[in-house]
Amino acid sequence: SGFLVLGSYARSDSWMEFAFKRARRIFPALAVCFLAIALFYPDKAAETALYYLSGGLAGHSANPSLWSLLPEQTAYALLAILWACGFYKRGIYAAVACGVSAWLAAYLFAHPAILPGHLNYYPFLPVGFFAGNAAWLYREQIKPYAWAAWPVLIVCALWFNAWTFGPLAASLVVVGQYRVRWSPSIDLSYGIYLFHFLILWPLRGLPMVIAAPIFAVATVGVALASWYLVEKPCLKGWSAPLTTATPERVE
Numbered sequence: 122s123g124f125l126v127l128g129s130y131a132r133s134d135s136w137m138e139f140a141f142k143r144a145r146r147i148f149p150a151l152a153v154c155f156l157a158i159a160l161f162y163p164d165k166a167a168e169t170a171l172y173y174l175s176g177g178l179a180g181h182s183a184n185p186s187l188w189s190l191l192p193e194q195t196a197y198a199l200l201a202i203l204w205a206c207g208f209y210k211r212g213i214y215a216a217v218a219c220g221v222s223a224w225l226a227a228y229l230f231a232h233p234a235i236l237p238g239h240l241n242y243y244p245f246l247p248v249g250f251f252a253g254n255a256a257w258l259y260r261e262q263i264k265p266y267a268w269a270a271w272p273v274l275i276v277c278a279l280w281f282n283a284w285t286f287g288p289l290a291a292s293l294v295v296v297g298q299y300r301v302r303w304s305p306s307i308d309l310s311y312g313i314y315l316f317h318f319l320i321l322w323p324l325r326g327l328p329m330v331i332a333a334p335i336f337a338v339a340t341v342g343v344a345l346a347s348w349y350l351v352e353k354p355c356l357k358g359w360s361a362p363l364t365t366a367t368p369e370r371v372e
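Take a look at the structure:
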């Protein structure tokens, strides 16, 4: 997200255009998700809305994935403010912010009394976001050395903990941007994110050998329907103009 949305903001003429593009990407499918919850889990509809609006801090959701959308949207506002302040004129600022965020997140995770429960996962969100920001700002400098991200990614994934989350996030951004050559014409990621829990609930109690293939096929099928019937039509025809606001170089 930090990588992609910073690039999107740089290609936008204004923060209003950027906000409009993000709204077209997020809210149509989200509205369908809430409609599905109202139809199939009506007793959870109000609490799910509260859960979404509170960032997962209140309510019991029929779709637990929705907790991360509010922090994501908050990050968009933060990006616009930081851009206006000149934060993205020098890539070192984003890199330092990522490092400081990683240290703070690991410290808070190691001391759960400070942020009890699932709250201790929130500080990790800026780590990934600033890692993506820094990778976008240094994208040309990173490209020749992108291969080095693979061993970092593997080691951090095998020994995953609070202290390896920062390097894992950074290496994942680099690997995803420069080492994966397949460029699909469809994007199922958001549909899978939004609808997989709604498909999972009815399958609880079934043997894994039965539930797993049903879940996989149904989730991909619903994501395809979301893409072709909702997401793609809402995005079709949008072409964001280039803007001279893009930083020309990173120091």
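The sequence shown begins at 122 in our numbering and counts up by one. Note that beta-carbon positions come from the ideal geometry of N, C-alpha and C, so glycine has one too.
Quick check: what's the CA-CA separation for residue i versus residue j?
| i | j | result |
| --- | --- | --- |
| A146 | W280 | Residue identity check: residue 146 is Arg in the sequence provided, not Ala. If I take the Cα positions, the gap works out to 34 Å. |
| S292 | V273 | 6 Å |
| A267 | E168 | 44 Å |
| I275 | V294 | 13 Å |
| F245 | A226 | 5 Å |
| A170 | S189 | 13 Å |
| L356 | A152 | 15 Å |
| W271 | P288 | 11 Å |
| C154 | A198 | 24 Å |
| S135 | R143 | 13 Å |
| W322 | L178 | 21 Å |
| G128 | L174 | 27 Å |
| W303 | A234 | In this prediction, W303 scores a pLDDT of 49, lower than 50, which makes its location untrustworthy; the coordinate-derived value is nonetheless stated afterwards. Distance between the alpha carbons of W303 and A234 is about 44 Å. |
Buried or exposed: residue i, going by 16 or more other Cβ atoms within 10 Å of its Cβ?
| i | result |
| --- | --- |
| A213 | Sequence inspection shows Ile at residue 213; the Ala mentioned does not correspond to that position. The residue is exposed, with fewer than 16 neighbouring Cβ atoms inside 10 Å. |
| P247 | buried |
| Y172 | buried |
| P334 | exposed |
| S306 | exposed |
| E352 | buried |
| A223 | buried |
| V217 | exposed |
| V126 | buried |
| I202 | exposed |
| Y209 | buried |
Is it the case that the CB of residue i approaches a heavy atom of the ligand HEM more closely than 6 Å?
| i | result |
| --- | --- |
| P323 | Among the components of this structure there are no ligands whatsoever, and the ligand HEM is therefore not found. |
Does the beta-carbon distance from residue i to residue j come in below 7 Å?
| i | j | result |
| --- | --- | --- |
| L375 | F336 | Lying before the first or after the last residue shown, residue 375 is absent from the chain, which here runs from 122 to 372. |
| L258 | A215 | yes |
| A231 | A290 | no |
| I313 | A269 | no |
| C277 | A255 | no |
| I158 | A150 | no |
| G180 | P192 | no |
| A196 | F141 | no |
| Y130 | F124 | no |
| I320 | A339 | yes |
| P237 | F318 | no |
Using DSSP with H/G/I as helix, E/B as strand and the rest coil, what is residue i?
| i | result |
| --- | --- |
| T169 | helix |
| E317 | Inspection of the sequence shows that residue 317 is occupied by His rather than by Glu. Helix. |
| L127 | helix |
| G312 | helix |
| P328 | coil |
| K264 | helix |
| R302 | Note on R302: pLDDT 48, under 50, position unreliable in the model; the coordinate value appears next. In this structure, R302 counts as coil in the three-state DSSP scheme. |
| A234 | coil |
| A150 | helix |
| T340 | helix |
| Y243 | coil |
| S175 | coil |
| D164 | helix |
| I307 | coil |
| R145 | helix |
| S347 | helix |
Quick check on the DSSP output: the alpha helix (DSSP H) that includes residue i runs from which residue to which?
| i | result |
| --- | --- |
| Y259 | Here Y259 belongs to no alpha helix (DSSP H), and DSSP marks it neither H nor E. |
| G212 | 212-231 |
| A198 | 190-205 |
| A183 | It is not in any alpha helix (DSSP H) - A183 carries neither H nor E in the DSSP assignment. |
| A278 | 270-279 |
| L356 | 353-356 |
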